[in-house]
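Enquirer: So the protein lines, in turn, are chains Y and W. Residues 109 to 442, numbered by the numbering used here, are exactly what the first sequence covers, in order. Residues 109 to 442, numbered by the numbering used here, are exactly what the second sequence covers, in order. First the structure, then my questions, so here it is.
2 protein chains.
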Amino acid sequence: MIKLIDIAKKLGLSLTTVSRALNDYEEVSSKTKELVRRTAKELGYVPNKFARNLALKKSHLISLLYDDYQETISYQSFTFEVIAGVRNYFGRTPYDLIIVPGNLKSDKREPLKNICYSRGIEGLFVVGIRTNDPYIEELKRDFIPAVVVDYPLMTKKVTYIQSDNLKGCKLAVDYLVSRGHGRIAFINGHDLAAVSPLRLNGYKTALKSNGIPFDKGIVKAGNYTEKSGYDAVSQLLKEKADFTAVFAASDLMAVGAIKALKEKGLKVPEDIAVVGFDDVFFAEYSHPSLTTIRQHKFDLGYIGAMELHGIIENPERPLRSRKIDVELIIRESA
Amino acid sequence: MIKLIDIAKKLGLSLTTVSRALNDYEEVSSKTKELVRRTAKELGYVPNKFARNLALKKSHLISLLYDDYQETISYQSFTFEVIAGVRNYFGRTPYDLIIVPGNLKSDKREPLKNICYSRGIEGLFVVGIRTNDPYIEELKRDFIPAVVVDYPLMTKKVTYIQSDNLKGCKLAVDYLVSRGHGRIAFINGHDLAAVSPLRLNGYKTALKSNGIPFDKGIVKAGNYTEKSGYDAVSQLLKEKADFTAVFAASDLMAVGAIKALKEKGLKVPEDIAVVGFDDVFFAEYSHPSLTTIRQHKFDLGYIGAMELHGIIENPERPLRSRKIDVELIIRESA
DNA sequence: AGTAAAATCCAAAGCGCTTTGGAAAGTTTG
DNA sequence: CAAACTTTCCAAAGCGCTTTGGATTTTACT
């Protein structure tokens, strides 16, 4: 492995000059710069980032915190796309992404502080954290810049980003209302996801703005799995609840809901309309294809990453949380 | 940030002794070890990995090379699950995973060598590489331990891992034959995926072992997208080809195939049976749910990672490529 | 030509850790 | 009790880079 000093020796220059030439300092003439650069390339010189980081006290490392084992596998695709956005953004910067061992879920994890300090990590991008995760407390200590997806956390160094859940629910409900539905059942997810109460609230708000009374009887709690959607609708049917449409807080639950409806001989959307949330990629391929609220997952990652970058480079700037727009995707199910 | 020398000063010990105490060297008495460890903990000491790496010339860094922008979004879930396996394996080791900026696809990427050398990366885990990717040439230069998924590459330091495609095809064809199908159409993927020829070959082999002649007329080339599956089958139908079953080299193409069949009023599986490949997660939720060949994606990652770890820690050990077992998942479509 | 200013360059220290080669203290032997 | 080990510790060098504080050379101006 060839290093700076080798170039210096070969050229009869000092270490300092070589370093400066490569880093484009003004104190070195353009001729020597050129010379140094050329020979560096010739010799196949590659700078050693560790040494550099050590000297600069800068790691250019962002750590990704996410969970592999979401209970609903569909959530994986959400996470993956968000990460794609993060990666894409930081690809334009000198930052690398690092995934530290272990899982968000595992209980014998290292404290966040250790993870970050030992590796000189400069920022954290968190996706898929549960509301009961102890890391949240650590994040609140505010010792490192962080952006978290879908969990409201605002301190001096950490902020959050999420889809506009309120608007999403409004789009869904308004659309159903516009199609003549007055009795819209709602299937929510569990409380370990911070978005669940938001979506319930969005549902209520949208009902109100349409002059429709909220009826606790046609709201069911699910847990984002297909089965929970299936169970919720089965339950509603058994109770002979009065509804002509179902709004599910996730696509997977919507799929489950549809399955339950079909089994009872009900047609979607003719008898009961169904709207999902997320627009995971199979929404398009399920049958009937799902009308749903699309989250822009890539943007969530990309813009979140941009925000994180901002916090790191410009710590004084006041933070803001970001809301990413959502979109109603009309397909067959409603 | 507190460092070794601080502990040393506080305890009136030398830097050396403190370092050795923390690293459990024999040359230091257990009393001092204990003392040092305790005060280290008290002071909240966290070792600086950069400094450590620099001194040890060891980074404990594995780089993940993968592509965010597969043309078929379903491939994302494959990649994600493989990576989950990799992460899970290395979570038990001192290695971290790093994602270097940029994308497998982008053409103005850094040479692999630079990426690795500048960060002291010790191993590469590659998933989703195309057959025409220039990185393949670099990998062949054999300058760094690597494990690649689904692309056959075997040198002193790099090996590969893949699902047992041959067996997968045999399972699919045998199953269809056992259900009375003698005319099985095949929709393959494009040649940028190294698995495509393997699957075609598996199809042929399986036909032969069942005494069924190979008929080029019912084999179509797709590109792993839903549309290509749709087009392939539409084409077959237009040509009035003689077939009672379709075997698609990916689930997404299988879904497309089913769509085309339905549109022509054919029932799946009653009129035409369809089998896919991969078992991506929506296979279960499509309609009819897909009979398919399941790839154990997590294992691909986990075992591949284990292999990579082996290459790094024990470079002399002869390499072997690995085949991961596949499984026939019988659902409704066949 | 003589001097000030600008342009180049360099030696050495420092980033936080590990490791080498001894030295000092403690223990065991003959 | 001295010699010979053992045990326990340490000073200093090194990992490959950046940066400080000067030194030296070149250019510009009277």
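A virtual CB, placed ideally from N, CA and C, is assigned to each residue, including glycine.
Three-state secondary structure (DSSP) at Leu436/Y?
Expert: Note: Leu436/Y maps to strand in three-state DSSP.
Enquirer: Taking Cβ positions, are Ala381/Y and Leu284/Y nearer each other than 8 Å?
Expert: In contact: Ala381/Y and Leu284/Y (Cβ atoms closer than 8 Å).
Enquirer: According to DSSP, simplified to helix, strand and coil, what is Thr239/Y?
Expert: Thr239/Y falls in the coil class under three-state DSSP.
Enquirer: Could you tell me whether any Cβ in chain W is nearer than 8 Å to the Cβ of Met414/Y?
Expert: Output row for Met414/Y: interface = no.
Enquirer: Name, please, each residue of chain W whose Cβ falls closer than 9 Å to the Cβ of Ile206/Y.
Expert: Within 9 Å Cβ-Cβ: Leu169, Asp204, Leu205, Ile206 and Ile207.
Enquirer: Identify each residue in the segment 393 to 413 of chain Y for which the Cβ-Cβ distance to at least one residue of chain W is less than 7 Å, and report them in chain order.
Expert: Within the segment 393 to 413 of chain Y, the qualifying residues are Tyr393, Ser394 and His395.
Enquirer: Residues in the same chain with beta-carbon distance under 7 Å from Asn273/W, minus the five sequence neighbours each way, listed in chain order, please.
Expert: Within the same chain, Asn273/W has close Cβ partners Val303, Leu306, Arg307 and Gly310.
Enquirer: Is Leu369/Y close to chain W, meaning its C-beta is less than 8 Å from at least one C-beta of that chain?
Expert: Output row for Leu369/Y: interface = no.
Enquirer: Check Arg146/Y in the structure and name its three-state DSSP category.
Expert: Three-state result, Arg146/Y: helix.
Enquirer: Indicate whether the contact test is met: 3 or more Cβ pairs, each with one atom in the segment 391 to 407 of chain W and one in the segment 427 to 440 of chain W, closer than 8 Å.
Expert: Result yes; three or more Cβ-Cβ pairs closer than 8 Å.
Enquirer: Output the residue ranges of the beta strand (DSSP E) runs that lie fully inside the segment 307 to 367 of chain Y and measure 3 residues or longer, sorted by chain position.
Expert: The segment 307 to 367 of chain Y contains these whole beta strand (DSSP E) runs: 327 to 329 and 353 to 356.
Enquirer: Within the continuous beta strand (DSSP E) that includes Ile173/W, where are the two ends?
Expert: It should be noted that the sequence gives Leu, not Ile, for residue 173/W. Counting along the chain, the beta strand (DSSP E) containing Leu173/W begins and ends at Leu169 to Tyr174.
Enquirer: Taking Gly290/Y as the reference, which of Gly297/Y, Thr239/Y and Ala280/Y has the closest Cα?
Expert: For the residues Gly297/Y, Thr239/Y and Ala280/Y, the minimum Cα distance to Gly290/Y belongs to Ala280/Y.
Enquirer: Assuming Asp299/Y contacts Thr239/Y under a Cβ cut-off of 8 Å, what Cβ separation, rounded to an integer in Å, is found between them?
Expert: Going by Cβ atoms, the distance from Asp299/Y to Thr239/Y rounds to 6 Å, so yes, they are a contact pair.
Enquirer: In the DSSP output, what is Val281/Y paired with across the bridge?
Expert: Answer is none; Val281/Y lacks a bridge partner.
Enquirer: Spell out the partners DSSP gives Thr124/Y in its beta bridges.
Expert: Answer by DSSP bridge pairing: none, since Thr124/Y is not bridged.
Enquirer: Quick one, which of Gly325/W, Phe322/W, Gly319/W and Ala365/W has its alpha-carbon nearest Tyr332/W's?
Expert: Nearest C-alpha to Tyr332/W: Ala365/W.
Enquirer: Against chain W, does Asp176/Y count as a neighbour if the rule is that its beta carbon must be under 8 Å from one of theirs?
Expert: Yes, contact with chain W.
Enquirer: Can you round the beta-carbon distance between Gly228/W and Phe158/Y to whole angstroms, since I take them to be within the 8 Å contact cut?
Expert: Sure, about 6 Å apart at Cβ, within 8 Å.
Enquirer: Could you run through the segment 316 to 341 of chain W and flag, in chain order, every residue whose CB is less than 7 Å away from some CB of chain Y?
Expert: Listed by position along the chain: Glu334.
Enquirer: Find out if the Cβ-Cβ distance for the pair Phe385/W, Ala357/W is shorter than 8 Å.
Expert: Closer than 8 Å, so yes.
Enquirer: Assuming Phe158/Y is part of the alpha helix (DSSP H), what are its boundary residues?
Expert: Start and end: Lys157 to Leu164.
Enquirer: Using a C-beta cutoff of 8 Å, does Leu173/W count as contacting chain Y?
Expert: Chain Y, which has no Cβ nearer than 8 Å to the Cβ of Leu173/W, makes this no.
Enquirer: If we cut at 8 Å on Cβ distances, does Phe233/W have a partner in chain Y?
Expert: It does not; no Cβ of chain Y falls within 8 Å.
Enquirer: For Ile206/W, which residues from the same chain have a beta carbon less than 8 Å from its beta carbon, with the 5 sequence-adjacent residues on both sides left out?
Expert: Here the set comprises Leu169, Ile170, Ser171, Leu172, Arg227 and Ile229.
Enquirer: CB-CB under 7 Å to Gly297/W, same chain, minus the five flanking residues each way: which ones, in chain order?
Expert: Here the set comprises Ser304, Gly330, Asn331, Tyr332, Ala357 and Ser358.
Enquirer: Could you give the distance in angstroms between the alpha-carbon of Pro155/Y and the alpha-carbon of Lys165/W?
Expert: Their backbone Cα atoms lie some 14 Å apart in a straight line.
Enquirer: Using DSSP's beta-bridge definition, name the partner residues of Asp204/Y.
Expert: Answer by DSSP bridge pairing, in chain order: Leu169/Y.
Enquirer: Does any residue of chain Y bring its CB to less than 8 Å from the CB of Ala159/W?
Expert: For Ala159/W, the answer is yes, since a Cβ of chain Y falls inside 8 Å of its Cβ.
Enquirer: Does the distance from the C-beta atom of Ser394/W to that of His395/Y stay below 8 Å?
Expert: It is a contact, given that the beta carbons lie within the stated cut-off.
Enquirer: For Asn222/Y, decide whether its Cβ has a neighbour in chain W, counting only Cβ atoms nearer than 8 Å.
Expert: Closer than 8 Å: yes.
Enquirer: What three-state label does DSSP hand Asn296/Y in the structure shown?
Expert: Of the three classes helix, strand and coil, the one that applies to Asn296/Y here is strand, per DSSP.
Enquirer: Hey, out of Leu162/W, Asp114/W and Lys139/W, whose CA is closest to Glu150/W's CA?
Expert: Measuring from the Cα of Glu150/W, the nearest candidate turns out to be Asp114/W.
Enquirer: How about Lys264/Y and Ile252/Y: are their beta carbons less than 8 Å apart?
Expert: No. Outside cutoff.
Enquirer: So Gly193/W packs on Tyr338/W, CB below 8 Å; how close in whole Å?
Expert: Contact doesn't hold; Cβ gap of about 32 Å is too wide.
Enquirer: Under 8 Å Cβ-Cβ, which residues of chain W neighbour Val154/Y?
Expert: Correct list: Lys221, Asn222, Tyr225 and Ser226.
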